[in-house]
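The structure is reproduced here in structure tokens:
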């Protein structure tokens with residue numbers, strides 16, 4: 001169904017086409033509309049195509065196609081108006097601009113095929129959105145020199161979407177009501193208009209923004225306001241705050257308004273803050289009248305520096321003025337001085353060193369000049385006030401200065417009370433007091449103290465002590481010799497230290513409960529505000545290497561370089577290509593490395609660890625010893641002892657086995673040629689040629705006193721001198737001399753018989769023995785004739801050997817001999833029993849046997865013994881009377 | 001900014017605020033005019049003893065018997081003459097002394113002229129509100145709009161014009177302050193009714 005309007009449009013097109021001239025005459029298709037179309041996205045667009053000046057094609061041969069698409073427009077969207085016209089309605093969807101072409105099928109005729117350009121027509125489609133209503137329109141006129149600039153600046157916010165094909169333009173309209181209109185256009189969201197050199201104060205302005213594009217236009221809300229409401233002046237200038245002595249809490253401030261008051265009445269706003277305070281205090285607006293140029297501030301702290309600012313408002317609030325700093329005047333201190341104490345034990349005495357310290361009152365209201373103190377040790381003390389002048393210097397960091405009031409020694413069992421007032425140039429503060437109790441009488445401490453670092457502060461939390469009566473708490477923090485404190489009210493359970501704490505410094509934080517001036521016991525913790533890795537490693541001491549171990553020692557890192565709690569140390573040592581690590585607790589300062597290789601060089605270093613990091617000591621090297629300490633000495637001592645042992649054993653062997661050794665090494669081969677026996681008895685010819693006869697088998701040894709020699713052998717005196725020389729020389733060399741050990745037992749036997757007393761008394765010249773050559777010797781060859789007895793006597797100064805003095809051995813041997821005698825000659829047993837000496841004499845006879853063959857001969861010839869015994873008896877007889 | 005979005009505000013509020021606005025503008029004009037005079041004296045080396053006598057603006061003599069409308073009319077008429085004189089003085093100055101210069105004096109002179117225009121808008125509005133006919137444009141006949149040709153006389157003439165503006169600004173302040181908005185409303189309303197009635201008749 002074709003509407004009447006469309007038919008009219010077609011008619012118009014047909015009539016219009018010839019007028020267009022050449023192009024239309026050659027083109028057989030034409031669309032309506034022909035010009036570029038701006039379309040709203042989401043709407044439908046309808047176009048018509050008409051065939052003109054040809055019958056080659058009909059409406060059925062026409063089709064529509066959009067650029068940038070492959071397919072033709074669906075025929076469902078076509079509407080055939082008549083045989084020569086067709087329309088299409090397409091939805092506007094995409095943002096991109098397109099061409100909509102009307103074309104004829106080329107296969108209809110050769111003319112169409114050969115002239116495709118004449119059977120095509122297009123219309124450009126640009127798509128977009130209608131403009132959105134501008135919102136939040138705001139305008140301002142700022143001050144320029146002493147007047148308000150006529151430049152009127154506005155800004156607004158856009159609403160809705162835009163496309164590049166259909167941009168939105170904004171027109172700022174400003175109307176000075178009943179006067180002039182001003183407008184300016186922009187594509188942005190802000191614009192300025194010049195209101196003609198003179199800002200229209202007190203005139204009404206109407207302001208609005210119109211947004212418009214090809215798809216429509218829309219205006220923002222109209223703002224009709226007094227022109228002054230758009231004004232933003234400069235802030236007030238020349239701010240002065242005047243401190244007056246009579247009004248220490250109410251300084252007067254004045255300023256110059258930025259613009260003449262004929263331009264409008266200005267509102268003001270004032271704010272101030274003490275230096276260091278983070279928050280501003282605002283004077284209530286209701287307290288500030290309009291159009292003023294001075295104001296008296298109230299409720300400020302005396303003797304405090306304040307920063308003050310002012311701003312004003314005509315339309316908009318101006319910026320705040322520059323800072324004006326003023327110090328209020330002094331006033332009398334209105335709070336007590338903050339008094340505290342430090343207590344140190346005195347070594348060896350029952351005293352405490354007490355130092356009273358004080359901070360200025362919180363509300364010092366001026367510079368504290370003096371502290372007046374009174375110390376009361378007894379209840380009824382009536383002491384005078386002492387005045388302590390204060391230096392007057394002020395802390396630069398905002399902290400109150402600590403003044404030392406008094407140093408004193410206080411006995412442990414004594415209490416003391418301090419009264420303090422602080423004075424400035426205006427007056428005196430209320431009195432503070434502090435009571436230090438006798439030692440051991442302190443009140444209980446707080447419980448469960450926790451201290452931790454957070455948000456750059458040290459926080460404390462505690463539980464009140466048992467019982468009541470706590471009036472306040474004192475939080476004290478000590479670092480080295482620096483002490484500071486703060487007071488907290490009795491309800492405080494959690495607080496932060498307000499002082500300036502340093503990072504990486506160890507603080508001992510204590511909480512004291514105060515009972516109306518009486519100080520309780522503290523609860524303390526050590527803590528860091530912020531800990532870090534140590535600045536340096538531990539200082540190493542000299543290593544003490546051993547053979548398989550080494551003792552390492554170190555000194556704790558100085559507290560100010562430690563920067564944290566040492567959790568542990570790691571000991572690293574490297575030797576033989578391997579590195580080992582040992583962790584030891586943080587309170588250790590020495591360690592012994594074990595299982596080391598001897599004679600090896602080791603590099604060692606020690607890391608001190610905190611929870612934040614570590615620091616390494618210098619690397620030290622040591623070389624383990626080749627021998628353990630004392631090992632060499634042990635070896636030397638051992639070897640020496642061994643050598644000594646060997647020597648001793650050898651000597652003992654020599655002593656005890658001298659016979660065997662002598663037998664083995666130096667077997668005695670009697671030299672008959674040198675025998676002197678032959679000379680002893682010149683009556684008998686020498687028979688050394690026959691060994692049997694040379695052997696002395698019947699020799700007996702008899703000890704006698706010096707006097708014995710005189711008495712017993714009186715009858716032989718005649719022969720003694722003759723024999724004496726020979727016997728001395730012969731017997732010394734063969735029997736008693738150092739190299740020979742054969743004769744000494746005989747001598748010892750004789751000496752022991754008589755007792756050591758005698759030997760001592762005969763130290764100079766001892767007559768050792770008398771060698772008796774018995775008849776038996778000769779009797780080996782039976783001789784019926786009585787033989788002449790021959791006595792040999794020897795004298796020597798040679799001391800007796802031990803063995804010679806040992807009677808036991810002799811007794812054993814003697815007993816053996818006595819047994820033999822008992823068997824062989826029972827007749828003489830009684831004699832042997834009577835005198836052991838006689839046995840020994842016989843034993844000596846036996847021991848003097850040079851040849852075992854003689855023993856045999858002796859055994860086989862007991863009779864000869866008897867004969868020797870008879871001659872012996874005679875000697876005894878002569879001896880006994882003594 | 002407390003944006004007041006007003007559309008078509010009419011009635012007592014308008015007249016009340018208009019009187020106040022007119023008074024404020026008059027105060028502002030007086031201030032600016034005093035600066036202009038100061039600048040001019042400084043510019044022309046006039047001392048305070050340079051006296052100019054006689055009025056350039058001619059209006060009906062003041063009288064306490066005059067109605068508000070008539071007072072406004074007289075004021076409005078005088079201010080209109082002032083603006084004409086001022087515009088002429090500016091033109092003559094620019095003709096004689098050369099234009100284009102944009103110093104403090106010129107800026108202030110322009111500002112006074114503009115401010116006077118704003119004041120006229122307000123007084124005109126008040127006059128309309130008070131029942132005075134807007135069509136009744138004050139006559140400028142008899143004004144010495146051409147001014148003297150001798151330079152010194154021209155300067156004195158300009159000075160006289162500035163003084164005349166200053167005078168009538170002060171008069172405006174006085175008149176407007178004596179014109180309470182409520183009274184204005186009361187007096188305006190009957191006159192408007194009367195005017196309407198007369199129109200209808």
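Protein chains in written order, with our numbering: chain A, 1 to 882; chain B, 1 to 201.
The beta carbon of each residue, even a glycine, is placed where N, CA and C say it ideally should be.
Any C-beta of chain E under 7 Å from that of residue i
| i | result |
| --- | --- |
| residue 121/B | In summary, chain E is missing from the structure at hand, where the protein chains are A and B. |
Close-in-space but distant-in-sequence residues of the same chain around residue i (CB under 8 Å, 5 per side omitted)
| i | result |
| --- | --- |
| residue 179/A | 200, 203 |
| residue 889/A | Residue 889/A is absent from the structure shown; chain A starts at 1 and stops at 882. |
| residue 255/A | 236, 237, 238, 239, 240, 293, 294, 310, 321 |
| residue 370/A | 387, 388, 389, 390, 422, 423 |
| residue 138/A | 154, 155, 156 |
Inter-residue spacing [alpha-carbon to alpha-carbon] between residue i and residue j
| i | j | result |
| --- | --- | --- |
| residue 586/A | residue 444/A | 32 Å |
| residue 229/A | residue 162/A | 33 Å |
| residue 67/A | residue 47/A | 15 Å |
| residue 391/A | residue 431/A | 20 Å |
| residue 71/B | residue 140/A | 36 Å |
| residue 351/A | residue 407/A | 13 Å |
| residue 91/A | residue 154/A | 39 Å |
| residue 525/A | residue 363/A | 31 Å |
| residue 208/A | residue 189/A | 13 Å |
| residue 376/A | residue 383/A | 7 Å |
| residue 74/A | residue 167/A | 31 Å |
| residue 567/A | residue 530/A | 15 Å |
| residue 43/A | residue 136/A | 29 Å |
| residue 611/A | residue 457/A | 19 Å |
| residue 39/A | residue 117/B | 48 Å |
| residue 900/A | residue 97/A | No statement about residue 900/A is possible, as the shown extent of chain A runs from 1 to 882 and does not include it. |
| residue 327/A | residue 305/A | 4 Å |
| residue 661/A | residue 551/A | 56 Å |
Beta-carbon proximity list for residue i, same chain, < 6 Å, skipping 5 on both sides
| i | result |
| --- | --- |
| residue 20/B | none |
| residue 616/A | 537, 605, 607 |
| residue 83/A | 58, 59 |
| residue 613/A | 533 |
| residue 609/A | 567, 568 |
| residue 494/A | 461 |
Chain A within 7 Å of residue i, Cβ atoms only
| i | result |
| --- | --- |
| residue 161/B | no |
| residue 81/B | no |
| residue 110/B | yes |
| residue 135/B | Here the model assigns residue 135/B a pLDDT of 49, short of 50, so the residue's position is not dependable, and the following value carries that caveat. For residue 135/B, the answer is no, since every Cβ of chain A falls outside 7 Å of its Cβ. |
| residue 173/B | no |
| residue 84/B | no |
| residue 177/B | no |
| residue 69/B | no |
| residue 166/B | no |
| residue 31/B | yes |
| residue 104/B | no |
| residue 25/B | yes |
Contacts around residue i, its chain only, beta-carbon distance under 7 Å, and the 5 residues preceding and following it disregarded
| i | result |
| --- | --- |
| residue 492/A | 473 |
| residue 639/A | none |
| residue 360/A | 337, 368, 400, 401, 422 |
| residue 26/A | 118 |
Within-7 Å CB hit, residue i to chain B
| i | result |
| --- | --- |
| residue 253/A | no |
| residue 203/A | yes |
| residue 208/A | no |
Which of the residues in the segment 178-201 of chain A, read from start to end, lie with their CB under 7 Å from any CB of chain B? 178, 179, 196, 197, 198, 200, 201
What residues in the segment 258-292 of chain A bring their beta carbon closer than 8 Å to a beta carbon of chain B? 260, 262, 263, 264
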